[in-house]
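Peer 1: Here the sequence shown is numbered in this note's numbering, starting from 81 and rising by one per residue. For every residue, glycine included, the Cβ atom is placed at its ideal position computed from N, Cα and C. This one's a predicted model, so the numbers in the text were calculated from it and none came from an experiment. One structure, as structure tokens, below. Some questions next.
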Amino acid sequence: MPARLIDGRALAAVMQAELAQRVAEQVSTGGPRPGLAAIQVGSRQDSTRYVRGKIRACEKVGIASFHHPLPESTSQAELLRLIEKLNGDASVHGILVQLPLPPHIDESVVIRAVAPHKDVDGFHPENLGLLAAGTPRFVACTPLGVQQLLLRHDVPIAGAKVVIVGRSTIVGKPLALLLMRKGEGGDATVTVAHSRSRDLPGITRGADILVAALGQPGYITADMVKPGAVVIDVGTTPTADGRLVGDVDFDRVREVAGAISPVPGGVGPMTITMLLYNTHRASQIQSVG
Ligand SMILES: NC(=O)c1ccc[n+]([C@@H]2O[C@H](COP(=O)([O-])OP(=O)(O)OC[C@H]3O[C@@H](n4cnc5c(N)ncnc54)[C@H](OP(=O)(O)O)[C@@H]3O)[C@@H](O)[C@H]2O)c1
């Protein structure tokens with residue numbers, strides 16, 4: 081029997097409608113309208129598409145968005161000056177710097193320049209540290225989206241064996257920290273695999289929940305999946321004809337897995353949704369001082 085589909089697009093629509101209601105209530109009771117500033121340096125097509133999608137999503141839920149498209153030639157100092165200005169702007173609760181940045185700009189310096197209480201991407205070391213300490217403030221949007229996909233599809237996480245393939249600071253590492261936390265949405269037994277892991281199929285076959293976040297199209301094949309396992313595909317690799325492909329061999333793995341998320345329409349829409357959630361939370365945190 082083919083696996084149950086874990087539909088991120090449908091869940092994102094439900095969660096965005098829920099959020100729109102909360103934002104409307106906040107504004108109608110005199111609270112702040114959440115505001116997100118989106119900075120894009122250069123004109124990479126994929127970045128333009130992502131930023132446009134995020135701004136459109138803001139509009140749908142009633143979050144104000146402030147788009148800052150900057151030329152490719154923007155210097156690091158100029159970018160840092162804009163971030164400094166936005167850090168001090170009370171109408172901006174969240175700041176998003178679309179990655180990757182051009183090679184003449186040091187991403188880690190830029191990430192550290194965003195005020196931690198406006199870091200709705202959850203990339204700042206202070207926010208990563210808070211997550212590691214078990215007291216998260218802003219968690220990166222893709223890991224949060226994966227956790228919500230599991231929770232809202234009633235996938236048992238507590239006690240489950242989770243294998244995450246990929247150890248990046250924006251996906252694999254924070255997801256591992258999130259799913260091993262004590263309490264709801266956590267308590268999993270987490271293994272993180274990467275390009276130096278030995279016997280990857282042996283590791284992935286032990287997973288009740290397998291998360292693929294490697295950026296290698298179709299790498300996770302049916303023989304790497306335990307029958308009945310839940311498979312979440314984070315991978316998004318653009319093809320020459322403009323499609324996005326995941327890290328999982330979807331057609332074959334769905335014959336083995338118990339549930340599976342597609343690409344597109346799985347983790348991607350949830351990542352955007354969690355950015356909106358983080359921005360709303362930022363406005364709440366900042367309005368209480
Ligand atoms: N849907 C979304 O919203 C969303 C958001 C973010 C990212 N993504 C996608 O998710 C994928 C991963 O993104 P990322 O930023 O985490 O990528 P990344 O920084 O390139 O990290 C990839 C990770 O996968 C590991 N890896 C690569 N090849 C492997 C192999 N053959 N076997 C085992 N491990 C392997 C790497 O190991 P090493 O550490 O040893 O090099 C690394 O830890 C990409 O396709 C990206 O586009 C999607």
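Among all the DSSP beta bridges, which residues are the ones paired with L290?
Peer 2: Locating residue 290 in the sequence shown gives position 210, where the first residue counts as 1. BP columns for L290 point to V243 and V311.
Peer 1: Please return the same chain residues whose Cβ sits closer than 8 Å to the Cβ of A100, not counting the five positions on each side in sequence.
Peer 2: Looking up residue 100 in the sequence shown gives position 20. So the list reads K140, V141 and G142, once near-sequence residues are dropped.
Peer 1: Which partner residues does R84 have in the DSSP bridge list?
Peer 2: Along the sequence shown, one-based indexing puts residue 84 at 4. R84 pairs with A339.
Peer 1: Can you look up S145 in the DSSP assignment and give me helix, strand or coil?
Peer 2: Taking the first residue of the sequence shown as position 1, residue 145 is located at position 65. If DSSP states are grouped into helix, strand and coil, S145 belongs with the strands.
Peer 1: Indicate the three-state DSSP secondary structure (helix, strand or coil) for G298 in the structure shown.
Peer 2: Taking the first residue of the sequence shown as position 1, residue 298 is located at position 218. Looking at G298 - three-state DSSP - the assignment turns out to be coil, as it is neither helix nor strand.
Peer 1: Classify P223 as buried or exposed, calling it buried when 16 or more other Cβ atoms lie within 10 Å of its own Cβ.
Peer 2: As a position in the sequence shown, residue 223 is number 143, starting the count at 1. Per the 10 Å Cβ criterion, buried.
Peer 1: On the DSSP letters alone, give me the boundaries of the beta strand (DSSP E) that G322 sits inside.
Peer 2: For the purposes of this step, residue 322 is taken as residue 242 along the sequence shown, with counting starting at 1. Taken as a continuous stretch (DSSP letters only), G322 belongs to no beta strand (DSSP E), as it is neither H nor E.
Peer 1: If you draw a straight line from the C-alpha of T271 to the C-alpha of D288, how long is it?
Peer 2: Start at 1 with the first residue of the sequence shown, and residue 271 comes out as number 191. Start at 1 with the first residue of the sequence shown, and residue 288 comes out as number 208. For T271 and D288, the distance between alpha carbons rounds to 11 Å.
Peer 1: Thinking A83 and A292 are a contact (beta carbons under 8 Å), I'd like their distance in whole angstroms, please.
Peer 2: Reading the sequence shown from its first residue, position 3 is the one you call residue 83. Reading the sequence shown from its first residue, position 212 is the one you call residue 292. About 14 Å separates the two Cβ atoms, so there is no contact after all.
Peer 1: Do the segment 145-161 and the segment 196-214 make contact, defined as three or more Cβ pairs closer than 8 Å?
Peer 2: At 8 Å Cβ cutoff, the stretches do not touch.
Peer 1: Where does I185 sit, in a helix, a strand or coil, going by DSSP?
Peer 2: Position 105 of the sequence shown, counted from the start, is the residue given in the question as residue 185. Note: I185 maps to coil in three-state DSSP.
Peer 1: Can you say whether R261 is buried or exposed, counting buried as having 16 or more other CB atoms within 10 angstroms of its CB?
Peer 2: On the sequence shown, position 181 is the one that residue 261 refers to. By the neighbour-count rule (16 or more Cβ atoms within 10 Å), R261 is buried.
Peer 1: Between V291 and ligand 1, is the CB less than 6 Å from at least one heavy atom?
Peer 2: Translated into the one-based positions of the sequence shown, residue 291 becomes position 211. No, the beta carbon of V291 sits no closer than 6 Å to any heavy atom of ligand 1.
Peer 1: Could you check the C-alpha separation between P297 and L176 for me, to the nearest Å?
Peer 2: Working through the sequence shown from its first residue, we reach residue 297 at position 217. Working through the sequence shown from its first residue, we reach residue 176 at position 96. Going by the C-alpha atoms only, they are around 27 Å apart.
Peer 1: Secondary structure at I191, three-state DSSP: helix, strand or coil?
Peer 2: Residue mapping note: residue 191 aligns to position 111 of the sequence shown, counting from 1. The answer is helix: DSSP assigns I191 an H, G or I state.
Peer 1: With V226 as the anchor, note down where its alpha helix (DSSP H) starts and where it stops.
Peer 2: Translated into positions along the sequence shown, residue 226 becomes position 146. Looking at the DSSP string, the run of the alpha helix (DSSP H) that includes V226 is C221 to R232.
Peer 1: DSSP has T128 in a bridge; who is on the other side?
Peer 2: Translated into the one-based positions of the sequence shown, residue 128 becomes position 48. According to DSSP, T128 bridges with nothing at all.
Peer 1: Within 6 Å: the Cβ of Q296 and any heavy atom of ligand 1?
Peer 2: One-based indexing of the sequence shown puts residue 296 at position 216. Indeed, a heavy atom of ligand 1 lies less than 6 Å from the Cβ.
Peer 1: Report buried or exposed for G379, applying the criterion of at least 16 other Cβ atoms within 10 angstroms of its Cβ.
Peer 2: Because the chain in this structure spans residues 81 to 369, residue 379 falls outside the shown range and cannot be described.
Peer 1: Alpha carbon to alpha carbon, what distance is there between L258 and V328?
Peer 2: Locating residue 328 in the sequence shown gives position 248, where the first residue counts as 1. Locating residue 258 in the sequence shown gives position 178, where the first residue counts as 1. Cα-Cα distance, rounded: 22 Å.
Peer 1: Roughly how far, in whole angstroms, is the beta-carbon of T317 from the beta-carbon of G345, given that I think they are within contact range, below 8 Å?
Peer 2: Position 237 of the sequence shown holds residue 317. Position 265 of the sequence shown holds residue 345. That pair is no contact at about 15 Å.
Peer 1: If you follow the beta strand (DSSP E) that T271 is in, where does it begin and where does it stop?
Peer 2: Position 191 of the sequence shown, counting from 1, holds the residue named residue 271. Taken as a continuous stretch (DSSP letters only), the beta strand (DSSP E) holding T271 covers T269 to A273.
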